[in-house]
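Notes follow once the structure below has been shown.
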């Protein structure tokens, strides 16, 4: 560990045996880059609470740490209270707190955490002012904008800090910003703008809408190019564009995508962005730019399957717009389109629930193999319109403080639906959508090239939900995997030489073949005796020609065991994903 003046931490408990996920998280690393540029030795760490505490102890005991900053969101308030009070009592150094929900922290937090100041909204300038004050004894705290702190048992809040208008002036995050070396260099998160012009009633940022500002396209491209050039050894690079307003200005999207296309020539990469349905609908050509530039995944803010609820959320989009945008994403070649459907949100009823399922299925059918639907319950993020006035939306908030849930357990009830029924609704909807995805797979609605793409990424973290549906269909999974491996073929690709190809079954008969009083079946397909015998002989050891000779030893009916009929049976079994073929 190097000597530092300032350290920043974003720490969460390990929940349900899962490590905290920080994909796309930039906050404290951006602060580290900014403070490094302004003369303070600064590094940041995002990870588990226990490891973070160990690093804090190591740093404070062995190095001259002068200030520590803690990131606070709705999920880790209790962790921050513990850490801040621990640092103050053990090491007596200044502790500052910031994060998206810092404006909602109550007096009780200030008392328990003993933190010196809470940074509100954008942090760079304010944190630099605090560093100058606490470390260099420059200025007075009364003059620092954008903070709150406890004084004489009252929370004092200063006027807001001025926004950074020129985002190009911010330094790029580099390896020196990481207290612990970055674990995954294949993932690069990029912020291209700040602020949000939308006012979604469930969104914390929408409630605190601030002026939208963008980095220049040239500056964004330069950051990516710099990362590529300084990490030439990286394979399978994924870039995550983290801002909600990525698709706000069509001309800018076009220019940025043209720049990304040029970068693809230096090092191929896949990328992800957020998309606003209405702006995409009004400018569908943006989707073409995004797809052409190599986007793998786009997340759309769909949220609901009824117009009434969309309007209550102030989404500014319609069901027709959603369907059109999803279809255009599918047609353009974007491989993954993701969105959540919120249960127990505005005006939620059992009828709304059914309509949500129906609409989700419609989207899955529009973009088979591409559209992915997450099922979530409403999160009562602080200071949002719905959280402030749940009664106006037919809701009762059971847990404002996120002490019972980390997104896995409902914090909401309606007048008619309690949290236990809601849990059953969530499970039922997830199951029904999963079954429908499998149905679309089995019926052949999903393109082979999409399935091949999933298989190529099967052992990486960059896989979508469709591969999980495919995994539940072992015959179909093996059918495509055996061909994808290059060892086998579909029958149509080698049909000119059928007598000499070697059929190979895709599953273990002893494991999956059902025999109910002599009626045999595989995965719901009823099989006659001839079909069963063909599957028994299909290990790749016999050619079709040799297979026919074996069958003639058992069957006397020459009209049954002839080339044409056997080929028809082979094709039928292939269409049921039970046979593939080897040339040898």
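Residue numbers (my numbering): 19 to 602.
Beta carbons are placed, not taken as given, at the ideal position from N, Cα and C, and that holds for glycine.
All values derive from a computational prediction rather than experimental measurement.
- Residue 91 has no beta-bridge partner at all, per DSSP.
- The three-state secondary structure of residue 534, taken from DSSP, is strand.
- Between the segment 234-246 and the segment 349-357 there are fewer than three inter-stretch CB-CB distances shorter than 8 Å, so the stretches are not counted as touching.
- Each residue's CA atom was taken as its position, placing residue 273 and residue 345 some 24 Å apart.
- A residue is called buried once 16 or more other Cβ atoms fall within 10 Å of its Cβ, and residue 262 is buried on that count.
- Look at the beta carbons and you see the segment 366-375 touching the segment 421-439: at least three pairs across the two are nearer than 8 Å.
- Counting every other CB atom within 10 Å of its CB across the protein chains shown gives residue 125 a total below 16, marking it as exposed.
- By alpha-carbon distance to residue 298, the top candidate from 271, 221, 526, 579 is 271.
- Residue 162 and residue 144 have their C-alpha atoms some 7 Å from each other.
- Of all alpha-carbon atoms in 71, 221, 419, the one lying nearest the alpha-carbon of residue 96 is that of 419.
- The criterion of a C-beta distance shorter than 9 Å is not satisfied by residue 553 and residue 495.
- Contact check for residue 527 against residue 594 fails: the beta carbons are separated by 9 Å or more.
- Listed in chain order, the beta strand (DSSP E) elements of length 3 or more contained wholly in the segment 152-205 are 165-169, 172-175.
- Secondary structure of residue 135 (DSSP, three-state): strand.
- For the set 44, 150, 140, 64, the Cα lying nearest the Cα of residue 85 is the one of 150.
- Excluding its 5 nearest sequence neighbours in each direction, residue 50 has C-beta neighbours in its own chain below 7 Å: 26, 60, 61, 62, 195, listed in chain order.
- Residue 64: member of the beta strand (DSSP E) spanning 60-66, first to last residue.
- When the five nearest sequence neighbours on each side are left out, the beta carbons in the same chain lying within less than 8 Å of the beta carbon of residue 157 are those of 147, 150, 151, in order along the chain.
- By the Cβ-count criterion, residue 521 is buried, with 16 or more other Cβ atoms from all chains shown falling within 10 Å of its own Cβ.
- As the crow flies, the alpha-carbon of residue 312 is around 24 Å from that of residue 383.
- About 20 Å separates the beta carbons of residue 214 and residue 235, which is beyond the 8 Å limit, so they are not a contact pair.
- Taking the C-beta atoms as reference points, residue 179 is found no nearer than 9 Å to residue 401.
- Nearest in C-alpha terms to residue 322, of all of 602, 371, 91, 515, is 371.
- With distances taken between CA atoms, residue 175 lies nearest to 160 out of 160, 182, 600, 181.
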